[in-house]
Amino acid sequence: MKKYLILLLLSFVVVGVNGQTKKRTTKRKATVTQRARTPEQMVIGKHMLSLQWISWDYYGTCNITKQPDGTLRCKGEQLSRENDDYLRIDGEISIVDAKHLVFTGTIATKIYHINNGQECLREGTFDFESTQNRKYWRLQQMENPCDMCADYVDIYFKR
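Numbering (my numbering), first residue to last: 35 to 193.
Printed below as a string of structure tokens:
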């Protein structure tokens with residue numbers, strides 16, 4: 035009798051109350067879906083944005099939108115919570131592939147201990163690449179032109 039009750043109970047748990055088995059979603063299935071996205075689908079939308087001098091604990095945002103003429107517009111900022119430091123980007127994005135973006139526009143940074151606390155403005159064309167299986171694109175022209183230091187400007191993949 036005990037064995038019968040245990041088997042009945044197990045079959046009830048496996049099958050469920052209404053006689054249907056429940057679907058399971060797995061992490062692997064989500065990864066396959068992510069990989070199936072086109073590079074444009076990966077890029078268009080709202081992203082986290084960071085500069086290491088400001089914080090890796092809280093992020094700014096960067097919005098990449100498709101314009102009526104087909105160009106991709108990128109605008110975003112990260113603001114310090116402790117002072118008036120900031121990172122601002124504004125320009126256009128071209129997609130080379132899923133791991134390489136070309137940004138043409140302005141990158142402005144203001145960090146209290148770099149360039150005597152004055153804004154550093156970069157204008158031109160810059161590469162953002164995702165290397166070593168990272169989940170973000172990093173500015174490849176890292177050398178800050180206003181001071182002798184490296185800036186890690188990162189645009190994170192959408193979640």
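Backbone N, C-alpha and C define an ideal beta-carbon position, used for all residues, glycine too.
Apart from the five residues on each side of it in sequence, which residues of its chain come closer than 7 Å, Cβ to Cβ, to residue i?
{"i": "residue 176", "result": "184, 185, 186"}
{"i": "residue 97", "result": "80, 109, 110"}
{"i": "residue 101", "result": "107"}
Distance, Cα to Cα, residue i vs residue j?
{"i": "residue 92", "j": "residue 116", "result": "12 Å"}
{"i": "residue 192", "j": "residue 180", "result": "31 Å"}
{"i": "residue 166", "j": "residue 131", "result": "15 Å"}
{"i": "residue 178", "j": "residue 148", "result": "9 Å"}
{"i": "residue 78", "j": "residue 168", "result": "18 Å"}
First and last residue of the beta strand (DSSP E) that includes residue i?
{"i": "residue 22", "result": "A question about residue 22 goes unanswered here, because the residues of the chain that appear run from 35 up to 193."}
{"i": "residue 82", "result": "79-85"}
{"i": "residue 128", "result": "120-131"}
{"i": "residue 107", "result": "106-113"}
{"i": "residue 137", "result": "134-144"}
{"i": "residue 100", "result": "94-100"}
{"i": "residue 188", "result": "187-190"}
Just to confirm before moving on: does the CB-CB distance between residue i and residue j stay below 7 Å?
{"i": "residue 127", "j": "residue 135", "result": "yes"}
{"i": "residue 160", "j": "residue 189", "result": "no"}
{"i": "residue 110", "j": "residue 83", "result": "yes"}
{"i": "residue 124", "j": "residue 139", "result": "yes"}
{"i": "residue 164", "j": "residue 133", "result": "yes"}
{"i": "residue 144", "j": "residue 157", "result": "no"}
{"i": "residue 88", "j": "residue 119", "result": "yes"}
Around the C-beta of residue i, are 16 or more other C-beta atoms found within 10 angstroms, so that it is buried, or is it exposed?
{"i": "residue 90", "result": "exposed"}
{"i": "residue 112", "result": "buried"}
{"i": "residue 155", "result": "exposed"}
{"i": "residue 182", "result": "exposed"}
{"i": "residue 151", "result": "exposed"}
{"i": "residue 122", "result": "buried"}
Hey, could you find the ends of the alpha helix (DSSP H) residue i is sitting in?
{"i": "residue 174", "result": "No alpha helix (DSSP H) holds residue 174; DSSP gives it neither H nor E."}
Leaving out five residues before and five after residue i in sequence, what residues of the same chain have Cβ atoms less than 8 Å from its Cβ?
{"i": "residue 174", "result": "160, 161, 162, 163"}
Could you name the residues of the same chain whose beta carbon sits closer than 6 Å to that of residue i, not counting the 5 residues immediately before and after it, in chain order?
{"i": "residue 99", "result": "107"}
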